[in-house]
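**Q** So the sequence shown is residues 1 to 234, counted in full-length UniProt numbering. Take a look at this one; I'll ask things after.
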Amino acid sequence: MSLPSRLDALKDLPLSTFRAKLWPHNDSCFKISGPTDDESWRLQLRTSEGLSDAEFTSCFSLVRETSAADYKASPDGWHPVKKRKEMRLRDMRYILLGRASLRQPEGGPCLPVDGFLSFMLTWEDGIEVIYCYEIHLDEHVRGRGMGKRLMGCLEEVGRKAEVKKAMLTVFKKNKAAVKFYERLGYGEDEFSPRPKKLRNGVVKELDYLIMSKSLISGTKNREKERQRKRKAAG
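Laid out in structure tokens, this is it:
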């Protein structure tokens, strides 16, 4: 199969098959120490179409509460309608974080949504990647390892899908987020836009950074790179 058709086949899998092939099963339910006792949490996988209206509204509210100010301060601005449309893209997948309940089966409602990560299997500059579009946590669950766990699930899906790297975009002014990703092994991607020098000599810095992390290593990494170059050469 060609490079595009292999990834397309994965993206077109029904959610149940996608979960069986790529989802890290041992990470669906977990406990962490809370203020008074151990708290049980659950991660649930969804398609953009499979999100209930309430789940989608909860996810969008988290985006608005945690990132709208950064968007408004950027040259592109904050556009709620455009953001909602992006969040409903056909190939988008969601990992929802919520409190676990014995009465809620896998695939049952995840309300309230205490955090989420959205991602897509796609191509960047001809390279197969898993792209993290959004990761947001409600204030009361921050600083408890939830973000690291969500990113770990993203990377495991990427490894099982055998893509080359995980990628994301982050506002440079969000220093805490940049440091968080750096601690997880992410660095500035080779295709991250560089500062532009204008005709008057002024250097224009962009307000965002594209970061990435390799998901393959050693011999396997080198062999995949050779195969990619051979295909590119025709």
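Glycine included, every Cβ here is placed at the ideal spot set by N, Cα and C.
What's the C-alpha gap between arginine 6 and leucine 121?
**A** Near 11 Å, if we compare the C-alpha coordinates of leucine 121 and arginine 6.
**Q** Under the three-state reduction of DSSP, which class applies to lysine 197: helix, strand or coil?
**A** Strand at lysine 197.
**Q** Sorted by chain position, which residues of the same chain lie with C-beta nearer than 6 Å to phenylalanine 18's C-beta, five sequence neighbours on each side aside?
**A** Result list for phenylalanine 18: empty, nothing under 6 Å.
**Q** Within this structure, are the beta carbons of lysine 165 and serine 217 separated by less than 8 Å?
**A** No, they are not a contact pair.
**Q** Using CA coordinates, which residue listed in Lys11, Ile210, Leu10 is at the minimum distance from aspartate 125?
**A** For the residues Lys11, Ile210, Leu10, the minimum Cα distance to aspartate 125 belongs to Ile210.
**Q** Using the Cβ count rule (16 or more neighbours within 10 Å means buried), how would you classify leucine 102?
**A** Summary for leucine 102: the model assigns pLDDT 46, below 50, so the residue's position carries little reliability; its value from the coordinates is reported in the next sentence. Leucine 102 comes out exposed.
**Q** Tell me which residue opens and which closes the alpha helix (DSSP H) that arginine 19 is part of.
**A** It spans 15-22 - the alpha helix (DSSP H) in which arginine 19 sits, taken as one unbroken run.
**Q** Straight-line CA distance for phenylalanine 171 to valine 141?
**A** In a straight line, the C-alpha of phenylalanine 171 is about 22 Å away from that of valine 141.
**Q** With serine 52 and methionine 92 assumed to form a contact (beta carbons below 8 Å), what rounded beta-carbon distance in angstroms separates them?
**A** The Cβ separation is near 15 Å, so there is no contact.
**Q** Expressed to the nearest angstrom, what Euclidean distance is found between the alpha-carbon atoms of lysine 21 and alanine 9?
**A** The alpha-carbon atoms of lysine 21 and alanine 9 are separated by roughly 12 Å.
**Q** What does glycine 165 pair with, by DSSP beta-bridge criteria?
**A** Rather than glycine, the amino acid found at residue 165 in this sequence is lysine. BP columns for lysine 165 point to Val129, Ser214.
**Q** Quick check on DSSP: helix, strand or coil for arginine 88?
**A** In this structure, arginine 88 counts as coil in the three-state DSSP scheme.
**Q** Specify the secondary structure class of glutamate 124 as computed by DSSP and reduced to three states.
**A** Strand at glutamate 124.
**Q** Please go through the same chain and pick out, in chain order, the residues whose beta-carbon is closer than 7 Å to the beta-carbon of lysine 204, but skip the five residues on each side of it.
**A** For lysine 204, where only same-chain residues beyond five positions count, the Cβ hits under 7 Å are Pro195, Lys196, Leu198.
**Q** Counting Cβ pairs closer than 8 Å, one from the stretch 142-152 and one from the stretch 70-83, do we hit at least three?
**A** No: fewer than three Cβ pairs fall under 8 Å.
**Q** Reducing DSSP to helix, strand and coil, say where valine 81 ends up.
**A** Here valine 81 sits in helix by DSSP.
**Q** Could you check whether proline 112 and serine 58 sit closer than 8 Å to each other, using their CB atoms as the reference points?
**A** Cβ distance < 8 Å, so serine 58 and proline 112 count as in contact.
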